[in-house]
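The structure under discussion appears below in the form of structure tokens.
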Amino acid sequence: MTDLSQYLPILLFLFVALALSSAFVFLPMGVSRLTGSHQPTEAKLAEYECGFPAFEDSRSQFDVRFYLVAILFIIFDLEAAFLFPWAVSLGETGWVGWGTMMLFLFELVIGFIYAWKVGALEWE
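Under my numbering, the residues of the sequence shown are numbered 276 to 399, in order.
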């Protein structure tokens, strides 16, 4: 027979997380209804997206530049995500780790220069 008592802390953690997340969602809604601050109006219930009211079909195509900027952001954001663990473990990796990261950064700089030259970072 398996001893399931070792899973009790995990189960307790899940119940506490569920209780807290439910409280953070439903408690403000209940308090607003009890205090009278819940007064929906037509303006409050209107669609609102990205700083301006939605006025077109939601299935309209976006310009490819949106996707290009998003991909470039992800690439250069991941660069920063790789730099922090590398900097922490630099003492253990030594010169090999340093050289590998410099090669990685050099490749990213080449990619950034290429994106700049072809005009991927310009917005018309």
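No residue lacks a Cβ here, since even glycine has one placed at the ideal position from N, Cα and C.
Whole-number beta carbon distance between residue j and residue i, since they are thought to touch under 8 Å
| i | j | result |
| --- | --- | --- |
| Ala-390 | Leu-383 | The pair is not a contact, with the Cβ atoms about 10 Å apart (cut-off 8 Å). |
| Leu-365 | Gly-372 | 6 Å |
| Trp-361 | Met-376 | 5 Å |
Beta-carbon contacts of residue i that lie in its chain and below 8 Å, excluding the five residues immediately before and after
| i | result |
| --- | --- |
| Val-339 | none |
Limits of the unbroken alpha helix (DSSP H) element including residue i
| i | result |
| --- | --- |
| Asp-352 | 339–363 |
| Ala-321 | Neither: Ala-321 is in no alpha helix (DSSP H) and is coded neither H nor E. |
| Gly-305 | 283–310 |
Beta-carbon proximity list for residue i, same chain, < 6 Å, skipping 5 on both sides
| i | result |
| --- | --- |
| Phe-357 | none |
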